[in-house]
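Numbering-wise, the sequence shown is residues 854 to 1095 according to our numbering. The beta carbon of each residue, even a glycine, is placed where N, CA and C say it ideally should be. All values derive from a computational prediction rather than experimental measurement. Written out below as structure tokens is the structure these notes cover.
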Amino acid sequence: MRILVISDIHSNLAALEAVLADAPAYDQIWSLGDIVGYAAQPNECIELLASHAHVYIAGNHDWGVLGNIDLDDFNPDARKAALWAREQLTPAARMYLEQAPETIVEGEVTLAHGSPRSPVWEYIMRANTAQQNLTHFQTSLCLVGHTHLPAIFWQPAEGMPCVALRPQEGQPFSYAEGRSIVNPGSVGQPRDYDPRAAYALLDSDARTIEHRRVAYDIRAAQRKMRAAGLPQHIVIRLQYGQ
Ligand code: ZN
854 MRILVISDIH SNLAALEAVL ADAPAYDQIW SLGDIVGYAA QPNECIELLA SHAHVYIAGN
914 HDWGVLGNID LDDFNPDARK AALWAREQLT PAARMYLEQA PETIVEGEVT LAHGSPRSPV
974 WEYIMRANTA QQNLTHFQTS LCLVGHTHLP AIFWQPAEGM PCVALRPQEG QPFSYAEGRS
1034 IVNPGSVGQP RDYDPRAAYA LLDSDARTIE HRRVAYDIRA AQRKMRAAGL PQHIVIRLQY
1094 GQ
């Protein structure tokens, strides 16, 4: 089966549309949380995802918009954007977000927004954090988002240290050996200084995952955000990919 792996869409419909148009044929979508927050089209993003065969889990921004968690843990701009999105959510979109589990296991793959140890919150930025998380899931592969940074952490064999590998655009990584934690990067707000939308394509038969990027109409997303009165800083950062 071929799976389109996406994360951190953050209400950026232009970026989500570009990813769906760019992705080669796939059977299903796996969305790793933070569908909403930051940008201006939360309902549209949920409606578009819901029109595809997909599974999804909750992110911290999804919970922030729902009011399930204290927004004091968010920076001021993220808090403003979450409060704005809370006002916009349709009842159907709210119900969709409320139904999101914290983690799921699909075949031999675990899905968690932040980490398997602390699904909604923990950031896996380094190999030692990835290593500590290996005991918190049972499958050979775990997919995470949350950092908005494409990443591969790989333990070649049991007892060996976890290493960070640099994801190479268009070059599939084989997760057949050892255990791995992979982050596809962010669709709607990349932070690796590459403003293009990031995603990944998983082939569960070949046991590979390939990082991919696609340019999208950033100005269109920014126009929607300005019209909504969202904070200037989170509008501008899209064009710098940070
Ligand atoms: Zn996020």
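By the Cβ rule, the region 1025-1045 counts as touching the region 983-998, because three or more pairs are nearer than 8 Å. V889 and V1040 have their alpha carbons spaced roughly 11 Å apart. Cα atoms of R1044 and L1002: separation of roughly 6 Å, rounded to the nearest angstrom. Taking 7 Å as the cut-off, one finds no heavy atom of ligand 1 near enough to the beta carbon of G960. By the rule of a C-beta closer than 5 Å to any heavy atom of ligand 1, the residues picked out are D861 and D887. The three-state secondary structure of Q941, taken from DSSP, is helix.
Counting C-beta pairs with one atom in each stretch, the region 978-985 and the region 956-965 have fewer than three that are closer than 8 Å, which means they do not touch.
Bounds of the alpha helix (DSSP H) holding N986 are A980 to N986. A direct Cα-to-Cα measurement between A1029 and Q985 gives close to 21 Å. For V962, the uninterrupted beta strand (DSSP E) segment begins and ends at V962 to A965. Annotated three-state conformation of W916 is helix, per DSSP. The continuous stretches of beta strand (DSSP E) do not include C898, which lies in the alpha helix (DSSP H) extending over residues P895 to A903.
DSSP places E1063 within a strand segment (E or B) once states are collapsed to three. Look at H1086 here: in three-state DSSP terms it is helix.
Contact between the region 890-900 and the region 1061-1070 is absent: fewer than 3 CB-CB pairs across the two stretches fall below 8 Å. Positions of the beta strand (DSSP E) runs, each at least 3 residues long and wholly inside the region 994-1027, are given as 994-996, 1004-1008 and 1016-1018 in order along the chain. Distances from the CA of G886 to each of V858, A868, E870 and A874 were compared; the closest alpha carbon is that of V858.
Judged by their CB atoms, A867 and A1073 are nearer to each other than the 8 Å cut-off. Cβ neighbours of D915 within its own chain (closer than 8 Å, five residues either side excluded): G886, D887, I888, V889, G890, L950 and A953. K933 and Q881 have their C-alpha atoms roughly 33 Å apart.
DSSP places I1071 in the helix class (H, G or I) of the three-state scheme.
Inclusion of Y879 and I862 in the CB contact set at 8 Å is not warranted, their separation being larger than that value.
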